[in-house]
Amino acid sequence: MTGPHRAPIDDAALDTLFRAARTHNSFRPEPVSDTTLRALFELVKMGPTSANGLPGRFVFVTSQEGKEKLKPALSANNRDKTMAAPVTAIVAHDMRWLDNLPRFFPHVDAKSWFEGDQALIEETAFRNGSLMGGYLILAARALGLDCGPMSGFDKQKVDEAFFAGTTFRTNFLVNLGYGDGQGFKDRLPRPDFDEFCKIV
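Going left to right, the sequence shown walks through residues 1 to 200 as full-length UniProt numbering numbers them.
Below you can see the structure in the form of structure tokens.
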């Protein structure tokens, strides 16, 4: 027996999440509250991951001290905007995510599916941690935040500064805040369906 069909979200919501959303490089000085960051994770954790493994880990850098720890890892192009952003989210994944499977996927021994296969453990951590990073961007937009995801940084330096002695590994960064609407160029090209997709 199936439930009723859910109605699509309206055009205004689609604009917020996708069509009108832009990558922001500068933000108003307004802070992002801890309550908002907690609400953000409450949404992120609901997205699907393999065996509900939830390998994503997040550090929300808001303090000046935290920004100074992050600064040496940033590329020159990303340094100033990241130091000025109200929040920088470090999107990482736990290489021992499978240790939580008895709690998060308790009805079968899912941990045994992965144990002993380090390549599979790492691949699954990276893939599903990346998914959770994508959920973070959409959840942030849904909560009225603007996002500036980026890859221009030294992952090893971030790991050393924030994850030393842990099994966490950095994936990418996302600046978060309330965008000031400055510096936008025309939206870059996107492909038509038939160029990138097919139905078989």
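All residues carry an ideal CB built from backbone N, CA and C; glycine is no exception.
Exercise. Under the three-state reduction of DSSP, which class applies to asparagine 78: helix, strand or coil?
Worked result: As a working mapping, residue 78 is identified with position 78 in the sequence shown. Correct three-state label for asparagine 78: helix.
Exercise. Which term fits phenylalanine 196, buried or exposed, when burial requires 16 or more other beta carbons within 10 angstroms of its beta carbon?
Worked result: Locating residue 196 in the sequence shown gives position 196, counting from the first residue. Per the 10 Å Cβ criterion, exposed.
For this session: Please determine, among Trp113, Asn100 and Thr82, the residue with the shortest C-alpha to C-alpha distance to proline 149.
Result: For this step, residue 149 is matched to residue 149 along the sequence shown. Residue Thr82 is the option with its Cα nearest to proline 149.
Exercise. Any chance the CB of glycine 181 is under 7 Å from a heavy atom of the ligand NAP?
Worked result: Absence of the ligand NAP from the depicted structure is noted, as is the absence of any ligand whatsoever, leaving it without description.
For this session: Round the Cβ separation of lysine 69 and phenylalanine 162 to the nearest angstrom and send it over; I've been treating them as touching at under 8 Å.
Result: By 1-based counting over the sequence shown, the position of residue 69 is 69. By 1-based counting over the sequence shown, the position of residue 162 is 162. Between phenylalanine 162 and lysine 69 the Cβ distance is about 7 Å, and since that is below 8 Å, they are a contact.
Exercise. How would you label phenylalanine 153, buried or exposed, when you count the other beta carbons within 10 angstroms and need 16 or more for buried?
Worked result: Looking up residue 153 in the sequence shown gives position 153. Label assigned to phenylalanine 153: buried.
Problem set entry | Those runs of the beta strand (DSSP E) which lie wholly inside the UniProt domain "Nitroreductase" (21 to 162) and span at least 3 residues | Within the UniProt domain "Nitroreductase" (21 to 162), the complete beta strand (DSSP E) runs of at least 3 residues are 56 to 61, 87 to 94 and 146 to 150.
Exercise. If you count every other CB in all the chains shown that lies within 10 Å of the CB of isoleucine 137, and 16 or more means buried, which is it?
Worked result: Along the sequence shown, read from residue 1 onward, the residue named residue 137 stands at position 137. Isoleucine 137 should be labelled buried.
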